[in-house]
Amino acid sequence: MEDNITCLLLLRLLRIVGDGQQSRGTRDIVIEERGRGLQRITELHPSFMAMQYPLLFPYGEDGFRTDITRNPRSQNTLQQKSKRQFINLREYHAYRLQNRINEAHTLVSGGRLYHQYIVDAFTCIEESNLRWVRNNKKKLRSELYKGLRDVVVRGDTTPGSVGKRFVLPSSFTGGPRYMVQNYQDAMAICRYYGPPDIFLTFTCNPKWSEIQMFVDLIPGQKVEDRPDVVARVFKIKLDELMKDLRQRQHFGRVLAVYRRRDNKRTATKNGIEVDNRWVVPHNIDLIVKYQAHINIEWCNQGRSIKYLFKYVNKGKDRATFVIEENVSIDGVAKSTIVNEVDEIKRYLDARYVSVSEASWRIFEFDIQYRSPGVERLSFHLSDEQNVIFGDDDQLDDVLNKEGIEKTMFTEWMQMNNVDPSARELTYADFPTKFVWHAKEKKWKKRKSGRCIGRIYYAHHHPEKIFIFECF
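Take the sequence shown: its letters are residues -20 to -1, 1 to 451, numbered as in mature numbering (1 follows the signal peptide of the UniProt record, and there is no 0).
Shown next as structure tokens:
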């Protein structure tokens, strides 16, 4: 989104992590208390933002606390009532980025300092999430069921020497696995329904009357001073555009596909004669309604589809720079000694964040959306399914856990034994008629909704798995 809003002053935060040993990338404030010496204040301390931005918080009021309860009136469904009781850091900052009737406008009137506050708030949120991943995911291990069983037979029930550690899972928004899995899901939809009908780009217009009307509430403010307002208005416009395309069927029913006719009309530009082939594909009705640049093209090539999805899921923006370091230990290059890959460090290294992206992410607006849903299907050879266990778990207890050997793949074969209708579907098409219940580890017949299946990509290195998938 930040590339489309050209009027905004893009304040970016560059993050250089280093070698991961000497530089932990910690962000804190060191203060000196009377009689107690130096004390560190982390980003989770209530006074962190007040000390970091005294001009925005002149009274030094407390900020985020971990014990702020959520409003019970906002919990309308039983599902929401079962969720957490306290608000998180993102919800707090999303609350702060608002105009309040009974509050001063000191924060939202900060100009470029307000930009820095937004970027700083988002990076605090991301670092808090990454810290949780590092401190909790590293306690989990993954091993094949067969390998775990062999270890227990040998009498080794300590999990410390078994399995591999994994960090930054696909559930972390913006991570490399997140991007790869979303790309594979998008291609699975194309496999099932065919190529997309249109390729549409919607560019935010900072001169929208809704943005200007809100900015005028505070005298002297400009559009570039309120990236949070731009993000919110753009989200409203985007939702309205999606309703036009999906629910109101703006383009009507497709009866045929026509090529662009040669009407012999030309124009001369810089001494060059051009015809309608040089006109950017567009829809006049949508341009007039939304007062924005909307480019619409027909996806008619497979390579354009792959380019589109790979470009959208290419990952986070990074700054380009070179650091030369000649470090050796006893005459041996350091790079030959350290061979560990830290995915969290790689995600943060050279990362930069714009104020537009920070505003969008703080409000938790979608950065990708697909319909219908895609069920990711695991597969494996006999007794080679992955088993997840903790560092403190006893391996014999892990193996004796009820249903530990059950997976999507094994239960799919079980359904083929008991349900004749299941035999009419391939494994990839199985989620169209059946639903996987993770808690029960069981397939049940689908009653409503749409979903398609996708088998996880298998690298060609494990020869047996690769041949099994191709077969």
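By construction, the Cβ of each residue, glycine as well, lies at the ideal position given by its N, Cα and C atoms.
Contact between G383 and K424 is ruled out by a C-beta separation of about 15 Å, above the 8 Å threshold. Where Y332 is concerned, the enclosing beta strand (DSSP E) starts and stops at R331 to V333. As the crow flies, the alpha-carbon of H25 is around 16 Å from that of W112.
With a cut-off of 8 Å on Cβ pairs, the stretch 153 to 172 is not in contact with the stretch 207 to 216, counting fewer than three such pairs. Going by DSSP, F194 is part of the alpha helix (DSSP H) stretching over S189 to V195. Bounds of the alpha helix (DSSP H) holding K223 are P207 to R226.
Contact fails between the stretch 324 to 331 and the stretch 191 to 201, because fewer than three Cβ pairs, one in each stretch, are under 8 Å apart.
By the Cβ criterion, the stretch 35 to 43 is in contact with the stretch 87 to 95, since at least three pairs of Cβ atoms, one from each stretch, lie closer than 8 Å. With a cut-off of 8 Å on Cβ pairs, the stretch 72 to 86 is in contact with the stretch 37 to 52, counting three or more such pairs. For L180, DSSP records a beta bridge to I276.
Close CB contacts of F289 within its chain, under the 7 Å cut and outside five residues either way in sequence, are with Y163, A166 and M167 (chain order). In the displayed model, V354 falls within a strand according to three-state DSSP. For the pair I342 and L110, the CB atoms are not nearer than the 8 Å cut-off. By the Cβ neighbour-count rule, H417 is exposed, with fewer than 16 other Cβ atoms within 10 Å of its own. Note that the C-beta distance between P352 and I285 is not below 8 Å.
In the structure shown, E253 falls within a strand segment according to DSSP collapsed to helix, strand and coil.
Look at the beta carbons and you see the stretch 357 to 372 not touching the stretch 171 to 187: under three pairs across the two are nearer than 8 Å. Here M222 is exposed. Its C-beta has fewer than 16 other C-beta atoms within 10 Å.
For K425, the enclosing beta strand (DSSP E) has its first and last residue at K422 to K425. Its chain contains T183 as the residues whose beta carbon lies nearer than 6 Å to that of H273, once the 5 sequence neighbours on both sides are disregarded; these appear in chain order. The Cβ atoms of R356 and Y436 lie closer than 8 Å to each other. A Cβ-Cβ distance of about 7 Å is found for the pair Q32 and I9, placing them in contact under the 8 Å criterion. Where I432 is concerned, the enclosing beta strand (DSSP E) starts and stops at C431 to I435.
Counted as a single uninterrupted DSSP element, the stretch harbouring H417 is not any alpha helix (DSSP H) but the beta strand (DSSP E) occupying residues F414 to H417. For the 8 Å CB-CB criterion, V354 and I276 do not form a contact. For the pair I98 and R70, the CB atoms are not nearer than the 8 Å cut-off. Spatial neighbours of V213 in its own chain (CB-CB distance under 7 Å, excluding positions within 5 residues in sequence) are listed in chain order as W188, E190 and I191. DSSP places F66 in the strand class (E or B) of the three-state scheme.
In the DSSP assignment, W392 falls within the unbroken alpha helix (DSSP H) covering M388 to V398.
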